[in-house]
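Respectively, the protein sequence lines represent chains G, C, Y and F.
Here the first sequence is numbered in this note's numbering, starting from 13 and rising by one per residue.
Here the second sequence is numbered in this note's numbering, starting from 13 and rising by one per residue.
Here the third sequence is numbered in this note's numbering, starting from 13 and rising by one per residue.
Here the fourth sequence is numbered in this note's numbering, starting from 13 and rising by one per residue.
Number of protein chains: 4
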Amino acid sequence: MTTVELELTTRSAATLGASTIMKALVYHGPGKLAWEDRPRPTIQDPGDAIVRITTSTICGTDLHILKGDLPSVTAGRILGHEGIGVIEQAGLGVSEFHIGDKVIISCITACLKCDFCRRGMYSHCRHGGWILGNTLDGTQAEYVRVPHADGSLYSFPPGGDEEALVMLSDILPTGFECGVLNGQVKPGDTVAIVGAGPVGLAVLLTAQFYSPAAIYMIDLDDKRLAVAKQFGATALINSADGHAAHHVMELTDGAGVDAAIEAVGIPATFDICQAIVAAGGRIANVGVHGKPAGLHMEKLWDRNISLTTRLVDTFTTPMLLKVVESGKLQPHKLVTHRFAMNDIMRAYDIFGNAAKEGALKVVLKNNDKANSRASSAA
Amino acid sequence: MTTVELELTTRSAATLGASTIMKALVYHGPGKLAWEDRPRPTIQDPGDAIVRITTSTICGTDLHILKGDLPSVTAGRILGHEGIGVIEQAGLGVSEFHIGDKVIISCITACLKCDFCRRGMYSHCRHGGWILGNTLDGTQAEYVRVPHADGSLYSFPPGGDEEALVMLSDILPTGFECGVLNGQVKPGDTVAIVGAGPVGLAVLLTAQFYSPAAIYMIDLDDKRLAVAKQFGATALINSADGHAAHHVMELTDGAGVDAAIEAVGIPATFDICQAIVAAGGRIANVGVHGKPAGLHMEKLWDRNISLTTRLVDTFTTPMLLKVVESGKLQPHKLVTHRFAMNDIMRAYDIFGNAAKEGALKVVLKNNDKANSRASSAA
Amino acid sequence: MTTVELELTTRSAATLGASTIMKALVYHGPGKLAWEDRPRPTIQDPGDAIVRITTSTICGTDLHILKGDLPSVTAGRILGHEGIGVIEQAGLGVSEFHIGDKVIISCITACLKCDFCRRGMYSHCRHGGWILGNTLDGTQAEYVRVPHADGSLYSFPPGGDEEALVMLSDILPTGFECGVLNGQVKPGDTVAIVGAGPVGLAVLLTAQFYSPAAIYMIDLDDKRLAVAKQFGATALINSADGHAAHHVMELTDGAGVDAAIEAVGIPATFDICQAIVAAGGRIANVGVHGKPAGLHMEKLWDRNISLTTRLVDTFTTPMLLKVVESGKLQPHKLVTHRFAMNDIMRAYDIFGNAAKEGALKVVLKNNDKANSRASSAA
Amino acid sequence: MTTVELELTTRSAATLGASTIMKALVYHGPGKLAWEDRPRPTIQDPGDAIVRITTSTICGTDLHILKGDLPSVTAGRILGHEGIGVIEQAGLGVSEFHIGDKVIISCITACLKCDFCRRGMYSHCRHGGWILGNTLDGTQAEYVRVPHADGSLYSFPPGGDEEALVMLSDILPTGFECGVLNGQVKPGDTVAIVGAGPVGLAVLLTAQFYSPAAIYMIDLDDKRLAVAKQFGATALINSADGHAAHHVMELTDGAGVDAAIEAVGIPATFDICQAIVAAGGRIANVGVHGKPAGLHMEKLWDRNISLTTRLVDTFTTPMLLKVVESGKLQPHKLVTHRFAMNDIMRAYDIFGNAAKEGALKVVLKNNDKANSRASSAA
């Protein structure tokens, strides 16, 4: 046993120094978060990597956790499933990365070996899926243990912008895979995106990879709609009047849209999608739903539509990296606020009042001091 | 004007003789049908063909009409959207068929020119779609006018079996396109079909084109399940105990099915499909729904499933004909009862009590006398 | 007979006036062209439309014809398969267009009814395909008869630019369908286009619908490469040194390109494509080939590549129109020279010396005088 | 170092006993094979498994090696890339299999982590691909070391038939992926397979998953054609008269075939495929080519065809297993001869004279003695 552990860490830096404590954001039950000391993670399986976090961010899902909506997240859990960092230790089974490599951490952990991974459905990996900041400690910390590192990390490109690329941990592949790919967006299409929050805007940014002719953005908040305009939306619809569907049908001369993409997660917005999808069109769900929705099968049964659901697989991360590097996707646009990691409690406050604060994504950076300490330890 | 009409019929047989009357099944409002005299149809547009019906059949949809469920069907309408026959007259614009050609009449009329037809979505043809026996007089008669004949008729192959091939008017393309193609059935798949009526059995027959490893058939009626067994189902589930979903999950070791195909059209059976679809699987709806269904988005949002609806396009009819000719599909299996066309009232009785009568499809044939009269007229 | 002809033209303008003569560019055998008087075309079949040409252009294929390379084109033929115009007469079977409609004429004539048209393969239409300016008189004239008008014409959008949209007759769908669609260009891809002539540039413009990360343009002519740069190419390779393939492999770190698109039509450029395609990549042929090519099966057999050929189907014209209208495609960029139609002989001279003249596409316009004469005739 | 090796083998059986020698078929240069003593393989990397071979077979490629055609295979190499066996030892990184598991060994080794593996292109794995019996010692032995075992082995199903399932190591996925999938065989299609050797027959068996209407088998050998008839071919063409293409065109009324599948690997048979592919059809290459082929681009450029090449990826092995288990595929049909493994020299003689001997696949079994010895060792 001792032998094994020793073996498993032979690829780590020679010595980690005295410090085995780190700071981390810990969930202590509904409404309770603390930035506190925790033991640094260590290698537990041959496929593990220990990553020193340099940049992280907060996801809307983290707010749901904070409200107590996700029973899988128990008190004592370090939150966060997005991040950029540097590999400090690697198990013997890690072959694609080396100590010192800067990496993007995927929100989805993939063993690559199970039947789901073999089909590219990493979201349903039998040994992974969404586990970081959920059933395992996450990335809003100084260090994180990433299981199945070879399938769950992506090389950070030389000269890349951490702030931009941390958007590849979750939000951009989510918008792209669940919204754009499932919505089968094509050149010349008319697309509607319901919800102009960060994930809806990620759909908006990545839908433009396929040159749709029109993208309608639907939201209750004019400020967010204004951002959507800057990001490439061709028409804005404030749904506060309860007639969003009517407006879309007018804009499309009664035809409806080729792709209706739901990026909110409640029955009302799901209803809008059903009302505006054209015959032969697609409804692509991106939102996280907490309760059942109604489906107007009496109207839809003969409309030749498809409706898809999806937890992001992040299998498109390499492709997204190439598009970012080519300059055709500029994810930093989504970042509105920046904090030192140890200011994360304040970052949660701002992000928790996103509409009022005009916040989209807030970026968290482990500050110089933390970094230098980590460096000296490595 | 006179000139035009004359022109439009120049391709008809030289003279139609004295008879301009035919027999037809006429809907006279909910619960009221009559087999009565009606004027023979005539060419009204350059794309029209007048087809003398030799074989027809009754569809479950006809029973819905009879109940008054379809407001688009008004009193005075000749019913029927399936049939085999011989072209008696053709408008000037008809170029793919000639007088005397034996043809299969598609339940879907396709102009081939509109945007939907250009995409292969004949079901939503702007000048056609399902109109025969709905908004236009149909095929349960001695003659029918088929608009856009070039897009709505298919050549009857030499030596073909009318009884078998009349199944290509509707039920086989419906089962195949809405169920099998939309369900993306693949070799090795596990498939569940909910509903072992004629259309569910059509799904069963055509699903086997793709060599799935298992096909579960779910129905309340053991007699129909026994038929499904003969047709190739690998497991039978009687859902009368209310635990059909549970049984399917047991059979699949908790994984669920790759494709769940709904062939009934009510919320309860739609629910079964939601409960048994595997992560990454497909729900393909075939049934005609009269009311909304619930959709368990709280369970499905992260399951990577697709759900499709479709009115049959019959664009696969040429492919189905080839498979029938190759012997790999034997549609006559679906035929349980045969009647002379002028016995159609009795045929409706039998078909209306299908479960009790053990009826699947009932075939209607214009008898010799009718045929010879028609011949002499031509 | 007389009756029929009369009928067929009942939808034409009330009277065509006295003039039955028009000007047209006539091929009189290799090397011989003349702009001369010819009878105006008349309706011959119910599906015909007579279109008064307002804008046309010259295709590289026309130069091949002029050299005598295409035996299907016989002396006396009016050339041209691209054009914009106004419908002057329409046969009885034409239902999608009306007299006075401004239309884009597709280079491909499609009956929409035959088996190939039903599959969207209009290029192989059994009653059409490429016939205008080939086996039937074409568009480099004041009028043209377009058979199967409903499948061969597209509505000119209000406010459209004729100069830009005449590029939708042939070159843009050719580049898009044969090059981009067959090459399966995807976001993040590395694409090489061999040949920076008009059709190669059409590939370049439409490849960008899919946000590839890199597009390499390969040609012998630095001027054309400079144009490619302006049109969005990310790297330029002058192949004059005979080492184009080597340069591409260097640029891709030895991996090769995801899509190699051949837009010349000779064995040497086809060889380059074979040498640069990555394992798992696609070679999409756009060029017109006059002789066999070698295929390095000894190197390619285990490389998992696909190679496609295609005559344009123009089935994407409606989609391309939407993208042009959205501003995401600007086809007028391809136009370098403009002539009055009756200057067409000079236009051929310029286009025949394209490299020297810096010519891409030359646009021909029936001048005011011609137009007013046509108008007065209508 | 010692520690590592010790660790790497901790999952092996407690002791392997005294024997570290095994028998194996060794290639000693062109024309020279020997069944001789060799050291048993041992774990070298954490992903390795040592498999005791129970069943193997000989591939046509092995005969090419024997002739000296493959320079990558050097003297001293143990041949064989197909096999069934039992895991005797497993490295620490192996997580999907355990000691004692019976497995099917894929001819393709897949790390699952590299970019090609992530795309399902295991054939081009950066750390694997076809290496067994090529650049690493292979399966015609008592034991074999399988690198990247988790990606390169498949669980042998309970109650399976070794003789049948050893066909899943190579020949069935090769026929299916390179021929049937790449050939896009669909219900109703007309398919031609050029070459009725074992791999052509594997194409024939798996093409029937998709219910094509007709399958023409083309070969020079009437005996093999007779086998093809039993296996489901609908027409047989002996190409000895040099007019195979002509016969196919007659059978298809001049249309040609939807899919032409090349399963020989020489220019002459590749030519036949070019001559018989229909407009819009596919040529799928399966054969291993040693020299360039001619491609009639002057005839094919406008025919809208696709041509594919492929080294098998074996990504369909799980699907093929399901189809075998369902009874819809019966691979044992391919087996004509059976030998004890230590009779392998005789098996090579028979297989090397396959036509004369009427041999398709020859199965090699490690006999009881070998097995019991192996067992006692484990």
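Even glycine gets a Cβ: it sits at the ideal position worked out from N, Cα and C.
For the pair A367/Y and G200/Y, the Cα-to-Cα distance works out to about 32 Å.
For I317/G, no alpha helix (DSSP H) segment is defined, and its DSSP state is neither H nor E.
Judged by DSSP secondary structure, T202/C falls within the beta strand (DSSP E) whose first and last residues are 202-206. In this structure, DSSP gives E189/F a helical state, which the three-state scheme calls helix. Taken in chain order, the complete beta strand (DSSP E) segments of 3 residues or longer contained in the region 254-294 of chain F are 269-274. In the DSSP assignment, D231/G forms a beta bridge with N250/G. Residues of chain F whose Cβ lies closer than 9 Å to the Cβ of D127/G are, in chain order, P330. Look at M34/C here: in three-state DSSP terms it is strand. Annotation: the continuous alpha helix (DSSP H) that includes D361/G extends over 356-364.
Listed in chain order, the positions of the region 186-199 of chain C with a beta carbon within less than 7 Å of a beta carbon of chain F are P199. Nearest neighbour of D74/G by Cα position, chosen from Q196/G, V63/G, I183/G, V98/G, turns out to be I183/G. For P210/F, the number of other beta carbons within 10 angstroms of its own is at least 16, and it is reported as buried. In the structure shown, the three-state DSSP call for V211/Y is helix. For the region 156-185 of chain F, the residues whose beta carbon sits under 8 Å from a beta carbon of chain G are, in order, D162, G163. Contact of P304/Y with chain F is assigned, a C-beta pair being separated by under 9 Å. If you draw a straight line from the Cα of Y228/Y to the Cα of A275/G, it is about 37 Å long. CA-CA distance, T121/C to G141/C, rounds to 5 Å. The beta carbon of D74/F does not come within 9 Å of any beta carbon belonging to chain Y, so the residue lies off that interface.
Scanning chain F for C-beta atoms nearer than 8 Å to the C-beta of A226/C yields S338, reported in chain order.
For T329/C, the enclosing alpha helix (DSSP H) starts and ends at 329-337. Chain-ordered, the chain C residues with CB closer than 7 Å to the CB of R322/G read N316. Under the 8 Å Cβ criterion, the region 312-327 of chain F does not count as touching the region 98-113 of chain F, having fewer than three qualifying pairs.
Between the alpha carbons of I249/G and G212/G lies a distance of about 14 Å. L372/C and A296/C have their alpha carbons spaced roughly 22 Å apart.
When Cβ-Cβ separations below 9 Å define contact, H139/Y makes contact with chain C. Residues are counted here when their Cβ sits less than 8 Å from a Cβ of chain G; for the region 32-54 of chain F the count is zero. The three-state secondary structure of F109/G, taken from DSSP, is coil.
Burial state of Q220/F is buried, judged by a 10 Å Cβ sphere holding 16 or more other Cβ atoms. When secondary structure is reduced to three states using DSSP, H349/C falls in the strand class.
Under the 10 Å beta carbon count, S84/C is surrounded by fewer than 16 other beta carbons and is classified as exposed. Beyond the five residues adjoining it in sequence on each side, A305/F comes within less than 6 Å, by CB distance, of P279, F282 in the same chain, given in chain order.
With the rule of 3 Cβ pairs closer than 8 Å, the region 114-128 of chain G counts as touching the region 155-171 of chain G. Within chain Y, the residues whose beta carbon sits less than 7 Å from that of K334/G are G200, A225, listed in sequence order. The alpha-carbon separation between K198/F and I205/F amounts to approximately 15 Å. Of the candidates V98/C, I65/C, T218/C, T218/C places its Cα closest to the Cα of T329/C. The region 38-54 of chain G makes no contact with the region 95-105 of chain F: fewer than 3 CB pairs, one atom from each, lie closer than 8 Å.
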